[in-house]
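Numbering-wise, our numbering comes out as the position in the sequence shown, counting from 1, plus 4.
Here is the structure we will look at, set down as structure tokens.
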Amino acid sequence: LKAQKEELERQLKIATMKEILKLSFAEVDDLKLKVESISEESLNIKERLIKKQFLNDLTNFRKHYEIILNKVHDGISIPEIKFLAEDLKEWRENYEIKLQQIFDFAFLYQSQNLLETAKNRAQKIESDLNKIKKSGLPIANLEKLFKKAKTNIDDSEI
Numbered sequence: 005l006k007a008q009k010e011e012l013e014r015q016l017k018i019a020t021m022k023e024i025l026k027l028s029f030a031e032v033d034d035l036k037l038k039v040e041s042i043s044e045e046s047l048n049i050k051e052r053l054i055k056k057q058f059l060n061d062l063t064n065f066r067k068h069y070e071i072i073l074n075k076v077h078d079g080i081s082i083p084e085i086k087f088l089a090e091d092l093k094e095w096r097e098n099y100e101i102k103l104q105q106i107f108d109f110a111f112l113y114q115s116q117n118l119l120e121t122a123k124n125r126a127q128k129i130e131s132d133l134n135k136i137k138k139s140g141l142p143i144a145n146l147e148k149l150f151k152k153a154k155t156n157i158d159d160s161e162i
């Protein structure tokens, strides 16, 4: 009975570790896609180097997870799993700092792209409002709403 309990605990720890690694792979892969999607044209030389370094870091993070996953096999003992889990926990403390920097970098450029899209759409709407106004239709409410939206877009640039 004790052996069955230990085997069940071991299997549970293996499954848990594999699930943690699966989620970690997804986290790295998702962030890598976000960084890769940042247009090179929107970056200066220094930012391009930062992007390249961050992509390299993400590749290395994935490799680290693959090394750990290769150590998690059906014959692994409970003490070995505990050691791997503790090692992963310690490694992630430093990783989390770097991951936040990469996330901030990706978020900054995604936000800039969203802002640029909003500005372009606002210009199109303004053009359409001017056409409607010239046709003689009442647009006072639309102008008021547009002015508020344009102010919000302008404020977000600061």
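C-beta: ideal position from N, C-alpha, C; glycine also.
As the structure is a computational prediction, the values presented were derived from the model and not from experiment.
For Ile18, the secondary structure class from DSSP, reduced to helix, strand or coil, is helix. Counting along the chain, His68 sits inside the alpha helix (DSSP H) bounded by residues 49-75. In this chain, Ser46 is not harboured by any alpha helix (DSSP H), its DSSP state being neither H nor E. Just measuring C-alpha positions, the residue of Lys17, Gln57, Leu88 sitting nearest Glu70 is Leu88.
Here the stretch 132-146 makes no contact with the stretch 90-106; the two share fewer than three CB pairs at distances below 8 Å. Nearest to Lys9 by alpha-carbon distance, out of Leu35, Ile82, Ser28, is Ile82.
Nearest Cα to Asp33 within the set Asn48, Asn60, Leu53: Asn60. Bounds of the alpha helix (DSSP H) holding Asp158 are 144-160. For Ser41, the closest C-alpha among the options Ala126, Gln114, Asp159 is that of Gln114.
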